[in-house]
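These notes are about the structure you will find just below.
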Amino acid sequence: MHQKLSRTIVQHTLLRIGLRGRRLISAPILTSVHHKKRRAFALQHKHWTLEQRKKVAFSDESRFLLYWIDGRCRIYCETSGNKLPETIVGCQQGGGGSVMVWVMFPWHALGPLIPVEGTLNSCAYLSIVADQVHPYMATVYPANDGVFRQDNATCHVSKIVCAWFEEHNEEFQLLPWPPNFQISNLWVHLYRQMRQKDPAPRNLHELCDSLLFSWSQLPLATFQVHIESVTRCLTAVSVARGSYSGY
């Protein structure tokens, strides 16, 4: 005769043998091709010196919602009070709108934060590269020994963008980057600052202004810590043979 076990008994038993509930970690899907390319890149660059890393200008983009809730808010109240106004957090469809920004950060100085209007397609990205990356690399690396890093987003590897980089390859080099490979999440620092804003931005214009200000206030050490961590990241990916490693 089968005995029915309660959920509480199962939970207590799992805890007793050392098993605890954990949220699944969301990460990009890695194929066997991704594994090979990530491992090859890690093996090739894991012995980078700090001086070599200082020659690299990193770039990235991200989107910020006007109203952001991660679904993890918790309250304690009586069962009868779970529909009271003070126990409900209002939200808007699509987060009330969003702002996409592109940033650039080398070792030496704070790079620009550029708000992106509309979709970041090939033409929009080419404008950023020509108007922002080109003069910035010439200023920070006047000896033409700089290296520019971008990921493999579709707009980054389009024909017109690749042709532009080939045309300017004597001024700075483009670092070949493996798929789904993130050195570290610099955006965490900016997200944290934005969530602490009081009062919070009320519209997209205020959100954009707030992002520009918060970016300008990030300490230079924040970027340098991330660049210093590159070797640690490459070593971890190499040990994992290109598979999931936390990076």
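So the numbering used here is basically just the index in the sequence shown, starting at one, shifted up by 16.
We put the CB at the ideal spot given by N, CA and C, even for glycine.
If we count Cβ pairs, one from each stretch, closer than 8 Å, do we get three or more for the region 117-128 versus the region 138-155? yes
For LEU227 and VAL177, which I take to be in contact (beta-carbon distance under 8 Å), what is that distance rounded to the nearest angstrom? About 24 Å; that fails the 8 Å criterion.
Runs of alpha helix (DSSP H) lying entirely within the region 165-253, each at least 4 residues, in chain order: Complete alpha helix (DSSP H) runs here, min 4: 175-183, 203-211, 220-233, 236-244.
LEU82 versus LEU30: straight-line alpha-carbon distance, rounded: 40 Å
Classify ASP76 as helix, strand or coil using the three-state DSSP reduction. strand
Can you name the residues that DSSP bridges to PRO131? VAL117
Are the CB atoms of LYS62 and LEU191 within a distance shorter than 8 Å? no
The alpha helix (DSSP H) enclosing VAL156, as first and last residue numbers: 150-156
May I ask you to check if the CB of LEU46 is nearer than 7 Å to at least one heavy atom of the ligand ADP? Summarising the ligand content, the structure contains no ligands, and the ligand ADP is consequently not present.
Nearest to ALA199 by CA position, among SER245, GLN233, PHE239, CYS171, is which residue? It should be pointed out that residue 199 corresponds to Ile in this sequence rather than to Ala. Residue SER245 is the option with its Cα nearest to ILE199.
ASP161 and LYS71 look like a contact to me (Cβ under 8 Å); what is the Cβ gap, rounded to whole Å? The pair is a contact, with the Cβ atoms about 6 Å apart (cut-off 8 Å).
TYR152 and MET116 look like a contact to me (Cβ under 8 Å); what is the Cβ gap, rounded to whole Å? With a Cβ gap of about 19 Å, TYR152 and MET116 do not count as contacting.
Give every residue of the same chain whose Cβ lies closer than 6 Å to the Cβ of GLY261, excluding the five residues on either side of it in the sequence, and list them in chain order. Before going further, note that residue 261 is Ser rather than Gly in the sequence given. Once the five neighbours on either side are set aside, the close Cβ partners of SER261 are ALA252, VAL253.
Under the rule that 16 or more other beta-carbon atoms within 10 Å means buried, what is GLY110, buried or exposed? Its pLDDT being 47, under 50, GLY110 is placed unreliably by the model, and the measurement read from it follows with that caveat. Counting Cβ neighbours within 10 Å, GLY110 comes out exposed, since fewer than 16 surround it.
Bridge partner(s) assigned by DSSP for VAL163: VAL72, GLN189
Counting pairs of Cβ atoms below 8 Å between the region 178-190 and the region 206-221, do you hit three or more? Per the Cβ contact rule, the region 178-190 is not in contact with the region 206-221 (fewer than 3 Cβ pairs under 8 Å).
Assign ARG208 to one of two classes, buried (16 or more other C-beta atoms within 10 Å of its C-beta) or exposed (fewer than that). exposed
Put LEU82 into one of helix, strand or coil per three-state DSSP. coil
According to DSSP, is HIS63 helix, strand or coil? coil
Would DSSP call GLY111 helix, strand or coil? Note that GLY111 scores 49 on pLDDT, short of 50, meaning its location in the model is unreliable and no value can be drawn from it.
According to the neighbour-count rule (16 or more other Cβ atoms, all chains shown, within 10 Å of its Cβ), is GLY258 buried or exposed? buried
Close-in-space but distant-in-sequence residues of the same chain around SER75 (CB under 6 Å, 5 per side omitted): For SER75, the CB contacts under 6 Å within the same chain, skipping 5 residues up- and downstream, are MET120, GLN166 in chain order.
Would LEU46 pass as a contact of ASN196 if the rule is Cβ separation under 8 Å? yes
Within 8 Å, strictly: CB atoms of HIS264 and THR247: In this structure the chain extends from 17 to 263, so residue 264 is not present and cannot be described.
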